[in-house]
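Going line by line, the protein sequences match chains C and R.
First residue of the first sequence: 1, per full-length UniProt numbering; consecutive thereafter.
First residue of the second sequence: 1, per full-length UniProt numbering; consecutive thereafter.
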Amino acid sequence: MAKGVAITGMGIISSIGNSVEENYISLIENKIGISRIKNISTIHADVIKVGEIDKTNEELVAELNLNDDNNFSRTAMIGTIAAKQAVENAGITSINEFRTGLISATSVGGMDMTEKHYYDYFKHPELVKYIACHDGGDVAEKIADQLSLKGMVTTISTACSSAANSIMLGARLIKTGKLDRVIVGGADGLAKFTINGFKTLMILSDDFNKPFDNERKGLNLGEAAAYLVLESDEIVEKQNKKVLARVSGYGNANDAFHQTASSENGDGAYLAMKKAFEVSGLKPSQIDYINVHGTATPNNDLSEGRALLRIYQDEKVPDFSSTKPFTGHTLAAAAAIEAVYSVLAIQNNVVYPNLNFENQMEEFELQPQTALKNKNIEHVLSNSFGFGGNCSTLIFSK
Amino acid sequence: MNKTYINGVGCISTQKTFDTVFLEEAIYDNNKTVLTIIPPVYKDYISPAASRRMAKGVKNGIVASALALRDAKVENVDAIITGTGLGCIEDSEKFLKNILDNNEEFLTPTSFIQSTHNTVGAQIALNLQCKGYNFTYVNGAVSFESALLDAKMQIEENDANSILVGGIDETGDYTISLFKLAGRVKDESNLPADILNSTSSGAIYGEGGAFFVLEKDKKETTYAEVLDVAIKNTLDISEIEDEIAAFLSTNNLQVSDIDALVLGFNGNADSDIYYKTISEKAFAATPQLYYKHLSGEYDTASAFALWMAAKIIKTQEIPEIVKANSIEKPAYKTILLYNQLNGKNHSFTLISK
Chain C
1 MAKGVAITGM
11 GIISSIGNSV
21 EENYISLIEN
31 KIGISRIKNI
41 STIHADVIKV
51 GEIDKTNEEL
61 VAELNLNDDN
71 NFSRTAMIGT
81 IAAKQAVENA
91 GITSINEFRT
101 GLISATSVGG
111 MDMTEKHYYD
121 YFKHPELVKY
131 IACHDGGDVA
141 EKIADQLSLK
151 GMVTTISTAC
161 SSAANSIMLG
171 ARLIKTGKLD
181 RVIVGGADGL
191 AKFTINGFKT
201 LMILSDDFNK
211 PFDNERKGLN
221 LGEAAAYLVL
231 ESDEIVEKQN
241 KKVLARVSGY
251 GNANDAFHQT
261 ASSENGDGAY
271 LAMKKAFEVS
281 GLKPSQIDYI
291 NVHGTATPNN
301 DLSEGRALLR
311 IYQDEKVPDF
321 SSTKPFTGHT
331 LAAAAAIEAV
341 YSVLAIQNNV
351 VYPNLNFENQ
361 MEEFELQPQT
371 ALKNKNIEHV
381 LSNSFGFGGN
391 CSTLIFSK
Chain R
1 MNKTYINGVG
11 CISTQKTFDT
21 VFLEEAIYDN
31 NKTVLTIIPP
41 VYKDYISPAA
51 SRRMAKGVKN
61 GIVASALALR
71 DAKVENVDAI
81 ITGTGLGCIE
91 DSEKFLKNIL
101 DNNEEFLTPT
111 SFIQSTHNTV
121 GAQIALNLQC
131 KGYNFTYVNG
141 AVSFESALLD
151 AKMQIEENDA
161 NSILVGGIDE
171 TGDYTISLFK
181 LAGRVKDESN
191 LPADILNSTS
201 SGAIYGEGGA
211 FFVLEKDKKE
221 TTYAEVLDVA
231 IKNTLDISEI
241 EDEIAAFLST
251 NNLQVSDIDA
261 LVLGFNGNAD
271 SDIYYKTISE
281 KAFAATPQLY
291 YKHLSGEYDT
301 ASAFALWMAA
311 KIIKTQEIPE
321 IVKANSIEKP
331 AYKTILLYNQ
341 LNGKNHSFTL
351 ISK
């Protein structure tokens, strides 16, 4: 069994905290981050609940010490904050000292600025600078610039599984020796565009999301950014680095069923988990905790639950929970924040509660863990699925 | 370690790059600032009912990938990896305008769904019922090279034997008007454009989709071997020459081994200087080619360049229209492609016979 790629640093900003420590405290003290939307003016404000980062754009600009002529989108700002934390946490002082890359993930990119100024660009020359921040790659480029990172920079956008795929690619780049060190993760700010998109798909809940509950009504959108630093064993040894946990398995597959819905039997999810087990050399029974995708949409939880039952067959499905009742569904960033939560579960030997769960789904006998549980955690499996049938699984190990 | 071969290609572009031999009908129209695609007969590939709902990029992606599969004589692949700078931008425009114009009311999900960046890769997977690895990269001018690098790693790691890899971008009217406002598109007062010797800023824009079937085995349909792909976010002009030398050296090559150099000149004098620097010095004695006067600039235009370079290696012929200098070589065995956009997102791709 390969020992996996070392994680040496983490950074996060979400609706339940502005640092790794704050996020952890919220998770173990049941402090949820779902509320009414404040920063975006939308006609749905009184209907939907969101996981919003409790900072205005002005506050983010001030925190990052950006000039007045900056053209940072909200996504780029929260991404930069999380990435800087991760680099600091990994004790990196000279970013280009080794072959260092940045693999980011986003779905909205700078859409928050585009939607705010779309028709005003022609009348207000001072806004023209924001045209360049629309595209997905701009977020990674801003982060690279803020970190002074000159090497390989790219971005993955596979909807809600994006950041899982950036972690996967990062691990592969280290394993194959193409890079010595890579910062991986994702960022997505809330935008009117996504709020209305999910609204038209009728998968937004008007209440607190209830993953794996029989009466679940849909998801709450959220915003967040999280990045992790992966380093080669050579650097870890040479610099005597503390390893927080390891990326031991990963798998990606396509459901090839429907552009926005998951197949009834969770083919893609099943295949992604199966591949992750193959890569890690672990058996399903060795997993101590599953951080499920668990968006609380009727379709996802049914499909994911069936895929879990297919993986575990006659065996008991391990303790599992969705952390989306805390943070909302943070889209392209979801797998990155849940990677941070998975590492924290390993470090602190805890299973987080799946909040808001009341009634078991009628289709199967799967009950998530509903209260905080302390137990030894060696291996955590984390699922993330996205539009376009994109299914990803990551396994983290002590 | 497995080698990676280009065994099939498909290209939809602003030139007639399908149902032709090799750019014999290409036209260099230097009086336009934005080039539009020459559409294939979509109904030969997609049912009219499905086609009506599909975004331009999705349709072109489906056709280009179908051409590549047919060319490689394969029915299916183990993985699909795409790159796109802006995705289906027309649908993003449409959904956003509907939100703004109707105050978030009366919206339908179709354009929102298609605006998701991985729509092209997902639709191809759905059509082929390909349940394998499926990634989409969106990082400006290295979107396609990220996909290519990933595909090469998949084949090297033995994770896949055959992969469909492609780059797709489409123009959207409003987005182009914003790009004009931001100075990205060349101003019409600077026409006719002289892409190679431009003194004005702004690029000639375009759109397109190019797909490749990459496989670990060489066969009768093989065009070329992908030797290496490298991506670098930031480079000073003064660093380009050393960067290329180092890249070649890791592949045990030197400048004199390069039989043709494909450069991404787009008419923006401010950043074409990156190409000028090496074309006038290190590679002054190397045959040099350019292509964006035919394809236009877009984030994945470099996929058109790979299509062109692969064709050159296979046919051993260089169409006159893409020659940037008059130097010739008896054989074209190894080709280096260098691309960047506005001085960022540099990529180096090396292919050989």
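Positions of the beta carbon are idealized from the N, C-alpha and C atoms, including for glycine.
Burial state of residue i, where buried means 16 or more other Cβ atoms lie within 10 Å
{"i": "C/D314", "result": "exposed"}
{"i": "C/E88", "result": "exposed"}
{"i": "C/M1", "result": "Low confidence applies to C/M1: its pLDDT is 49, below 50, so where it sits in the model is not reliable, and the reading given next is rough at best. Exposed, by the Cβ-count rule."}
{"i": "R/P48", "result": "exposed"}
{"i": "R/Y5", "result": "buried"}
{"i": "C/P318", "result": "buried"}
{"i": "C/T56", "result": "exposed"}
{"i": "C/E21", "result": "exposed"}
{"i": "residue 414 of chain C", "result": "As displayed, chain C neither begins before 1 nor continues past 398, which places residue 414 of chain C out of reach and without an answer."}
{"i": "C/K199", "result": "buried"}
{"i": "R/P330", "result": "exposed"}
{"i": "C/N354", "result": "buried"}
{"i": "C/K3", "result": "exposed"}
{"i": "R/I273", "result": "exposed"}
{"i": "R/K344", "result": "buried"}
Expected contact under 8 Å - CB spacing of residue i and residue j to nearest Å
{"i": "R/L35", "j": "R/Y205", "result": "7 Å"}
{"i": "C/S35", "j": "C/K49", "result": "6 Å"}
{"i": "R/N325", "j": "R/S271", "result": "Between R/S271 and R/N325 the Cβ distance is about 20 Å, and since that is not below 8 Å, they are no contact."}
{"i": "C/I131", "j": "R/L178", "result": "5 Å"}
{"i": "C/A276", "j": "C/I395", "result": "5 Å"}
{"i": "C/G109", "j": "C/G136", "result": "4 Å"}
{"i": "R/T82", "j": "R/T136", "result": "5 Å"}
{"i": "R/C88", "j": "R/G57", "result": "5 Å"}
Enclosing alpha helix (DSSP H) for residue i [first to last residue]
{"i": "C/I287", "result": "Segment: none, C/I287 is in no alpha helix (DSSP H) and carries neither H nor E."}
{"i": "R/D242", "result": "240-250"}
{"i": "C/N299", "result": "298-312"}
{"i": "C/N165", "result": "162-175"}
{"i": "C/R36", "result": "First-last for C/R36: undefined, no H or E at that position."}
{"i": "R/Q340", "result": "Counting along the chain, R/Q340 falls outside any alpha helix (DSSP H), though it belongs to the beta strand (DSSP E) covering 334-341."}
{"i": "C/K369", "result": "The residue you asked about is not Lys; residue 369 of chain C is Gln in the sequence shown. Element bounds for C/Q369: n/a, residue is neither H nor E."}
{"i": "R/L23", "result": "Segment: none, R/L23 is in no alpha helix (DSSP H) and carries neither H nor E."}
{"i": "C/V47", "result": "First-last for C/V47: undefined, no H or E at that position."}
{"i": "C/N57", "result": "57-63"}
Residues bridged to residue i (per DSSP)
{"i": "C/G109", "result": "Paired residues: none, contrary to the question."}
{"i": "R/K232", "result": "R/H346"}
{"i": "R/I81", "result": "R/F135, R/V165"}
{"i": "C/D319", "result": "C/Y289"}
{"i": "C/A6", "result": "C/E231, C/R246"}
{"i": "C/T393", "result": "C/G251, C/N383"}
{"i": "C/L27", "result": "Answer is none; C/L27 lacks a bridge partner."}
{"i": "C/D188", "result": "C/A224"}
{"i": "C/T155", "result": "C/S104"}
{"i": "R/L214", "result": "R/I6, R/I163"}
{"i": "C/R181", "result": "C/T100, C/E231"}
{"i": "C/Q360", "result": "C/D213"}
{"i": "R/C11", "result": "R/A210"}
{"i": "residue 355 of chain R", "result": "Here chain R has residues from 1 to 353 only, and residue 355 of chain R is not among them."}
{"i": "C/G11", "result": "C/Y227"}
Boundaries (first-last residue) of the beta strand (DSSP E) holding residue i
{"i": "R/L263", "result": "260-263"}
{"i": "C/R99", "result": "First-last for C/R99: undefined, no H or E at that position."}
{"i": "C/M378", "result": "It is worth fixing the name first, because residue 378 of chain C is Glu in this sequence and not Met. Unbroken run through C/E378: none, as it is neither H nor E."}
{"i": "R/Q288", "result": "288-290"}
beta-carbon residue i near the ligand NAD non-hydrogen atom, thresh 6 Å
{"i": "C/G185", "result": "You won't find the ligand NAD in this model; it holds no ligand whatsoever."}
**Request:** Using a Cβ-Cβ cut-off of less than 8 Å, list which residues of the segment 150-166 of chain R approach chain C; keep chain order.
**Result:** D150, M153, E156, E157
**Request:** Compile a chain-ordered list of the residues in the segment 9-21 of chain C whose CB is closer than 8 Å to at least one CB of chain R.
**Result:** none
**Message:** Can you pull out the residues from the segment 155-183 of chain C whose beta carbon lies closer than 7 Å to at least one beta carbon of chain R?
**Reply:** T155, I156, S157, T158, A159, N165, L169, R172, T176
**Request:** Please list the residues of the segment 50-65 of chain R that have a C-beta atom closer than 7 Å to any C-beta atom in chain C, keeping them in chain order.
**Result:** none
**Request:** For the segment 25-48 of chain C, enumerate the residues whose C-beta is nearer than 9 Å to any C-beta of chain R, in chain order.
**Result:** T42, I43, H44
**Item:** Under 7 Å (Cβ pairs) to chain R, residues found in the segment 189-205 of chain C
**Value:** K192, F193, N196, G197, T200, L201
**Residues of the segment 229-247 of chain C with Cβ closer than 7 Å to any Cβ of chain A, in chain order** = Although the question refers to chain A, the structure presented lacks it and instead comprises the protein chains C and R.
**Prompt:** Using a Cβ cut-off of 8 Å, which residues of the segment 231-250 of chain R contact any Cβ in chain C, in chain order?
**Reply:** I231, K232, N233, T234, L235
**Request:** Give, in chain order, every residue of the segment 250-281 of chain C whose Cβ lies closer than 8 Å to some Cβ of chain R.
**Result:** N252, A253, N254, D255, A256, F257, H258, Q259, T260, D267, G268, L271
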